[in-house]
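Numbering of the sequence shown is given in my numbering, commencing with residue 7 and proceeding in unit increments. Don't be surprised by glycine CBs; every beta carbon is placed ideally from N, CA and C. Just so you know, these numbers come straight off a predicted model, no measurement behind them. Right, one structure below, let's go through it.
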Amino acid sequence: MIATGCGDDDGVTPASDAGTDAQVVQGDAQAPVDAYVAPDAWVAPDAWVAPCDPACAEGEACLRGVCVATCGGDVAAMDAALADGLVPVANVCRAVSGPIEVVVPEGGAMPRVYEVTAETVGTTTTFTLSRWTLDPSGSAPAPETVATTTHEGHAADALYPGGYVAVSPDEARAIFGYTTGDAGFVGGVFEIDVSAGGTSEVAANGNYDGEWLDATRFVINGLAIAGSDGSSQGLYLRDVSATTARRAVGEMGDWSGSVARIGDVVVAGAGSAGSGNRVYVLDLAALLAATDPISAATGSLAQFAAPSTFTAIGGMRLASEARDESWNLVGLEARTLRHTDGVWTLDEPVRLATGAVFSGLVAVGEDRILLRHERGLLLVAD
């Protein structure tokens with residue numbers, strides 16, 4: 007998730023403060039008559055980008071009227087890649103290679119970022135869950151270790167760290183996983199006690215993504231989880247308080263995708279050779295109450311042809327990569343889910359970024375996102 011989870015408001019200083027304070031009224035910057043710009047080339051006021059005043063400090067650059075740390079990168083390229091309407095808040099100089107999820111505490115505290123890294127030496131892989139504060143006034147965060155755990159028996163080319171980390175709503179627990187190249191994509195999910203740093207592992211083949219549904223129950227989009235009665239692609243629900251698990255949704259497809267809770271629904275992705283990539287919308291209460299697996303093949307679930315790998319961001323949007331026919335990354339886009347008069351619909355995609363400057367994103371509450379780039383993470387308000 008790119009869980010994903012990633013994830014998600016808002017202890018960050020509002021982006022509007024930075025952009026509005028620096029705004030130059032168009033009349034103040036009017037050109038002399040002899041330098042008059044023809045009306046057909048005139049820039050509308052709502053598209054006006056103010057310069058940074060005062061000028062940015064050393065190590066910073068002006069990005070759409072906001073001074074941000076350069077992090078040694080090309081800020082002009084970021085500007086060109088960002089969609090209109092995205093307002094920069096800060097550039098965080100921490101290159102992130104593994105999955106992250108952002109927790110926005112209640113009461114105005116700054117958001118906390120949970121990050122998983124993995125390092126393999128020989129046939130031992132060490133996973134580290136760390137946490138750091140997303141402070142827009144400081145460009146380089148100071149992570150603290152929450153927990154470490156290991157997997158033995160596979161070299162780096164046969165072990166695949168999962169692309170997700172998920173934190174429970176009360177921030178007491180976290181999960182992340184891995185799979186291997188063994189037959190059946192043997193893998194596991196690590197369950198972390200955030201306060202004590204304790205770790206345990208539950209077998210979960212092909213676990214692609216995970217999401218907490220409440221303080222004690224999480225769901226895995228994958229092939230199986232220990233204690234359940236299934237061994238094929240679907241959603242698997244585990245209750246850590248009772249150490250029980252069951253197959254919650256089946257017949258979704260041949261390969262797994264993302265899963266996210268958005269309010270009172272769960273959105274899950276899957277795909278098959280026959281129908282391609284799809285996303286399904288499930289009622290959360292029905293998912294938790296069902297005693298038998300819900301079938302995605304009966305047509306009872308709302309489903310849409312759309313990328314099966316996505317990240318949920320504010321406004322009931324599903325963000326995903328945009329790729330060309332050669333599978334080159336050409337941008338990031340989002341589709342909005344809507345529920346009107348009992349009917350679910352999915353909008354056409356809206357571009358968030360163009361090109362390959364930004365390789366992924368994660369939600370920061372309802373109205374901000376972190377865009378991943380080569381040198382760090384750009385926080386923007388949308």
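Quiz prompt | Per DSSP, cross-strand counterpart(s) of Phe310 | solution = Val285
Quiz item: Exposed or buried, what is Ser237 when buried is set at 16 or more other beta-carbons lying within 10 Å of its beta-carbon?
Solution: exposed
Practice problem: Kindly give me the distance between the Cβ atoms of Val208 and Ala232, rounded to whole angstroms, as I take these residues to be in contact under 8 Å. | Solution: 5 Å
Practice problem: Indicate whether at least one CB of chain E lies closer than 9 Å to the CB of Val119. | Solution: You won't find chain E in this structure, because it holds only one protein chain.
Self-check item: Unbroken beta strand (DSSP E) run spanning Asp199, endpoints
Solution: 193 to 199
Quiz prompt | Beta carbon of Met258 nearer than 9 Å to that of Arg284 | solution = yes
Quiz prompt | Alpha-carbon spacing of Leu385 relative to Val370, whole angstroms | solution = 9 Å
Quiz prompt | Where Ala369 sits in the DSSP three-state scheme | solution = strand
Quiz item: With distances taken from CA atoms, which of Thr297, Leu338, Arg344 is nearest Leu376?
Solution: Leu338
Quiz item: When you compare only the Cα positions, how much space is there between Gly204 and Ala180?
Solution: 11 Å
Practice problem: Taking only the alpha-carbon atoms, compute the straight-line gap between Gly360 and Leu88 and give it to the nearest angstrom. | Solution: Sequence inspection shows Thr at residue 360; the Gly mentioned does not correspond to that position. Using only the alpha carbons, I get a separation of about 7 Å.
Exercise. Leaving aside the five residues before and after Asp141 along the sequence, list all residues of the same chain whose C-beta is less than 6 Å from its C-beta, in chain order.
Key: Met116
Practice problem: Measure the alpha-carbon distance for Val39 versus Asp59 and round it to whole angstroms. | Solution: The pLDDT assigned to Val39 is 36, lower than 50, so where the model puts this residue is not dependable; a value taken from the coordinates is nonetheless given after this. Spanning the two alpha carbons is a distance of roughly 25 Å.
Self-check item: DSSP bridge partner residues for Asp138 (one or two, in chain order)
Solution: Reading off the sequence, residue 138 comes out as Trp, not Asp. Bridge partners of Trp138: Val119.
Quiz item: For the beta strand (DSSP E) that contains Val81, what are its first and last residues?
Solution: Taken as a continuous stretch (DSSP letters only), Val81 belongs to no beta strand (DSSP E), being part of the alpha helix (DSSP H) at 81 to 87.
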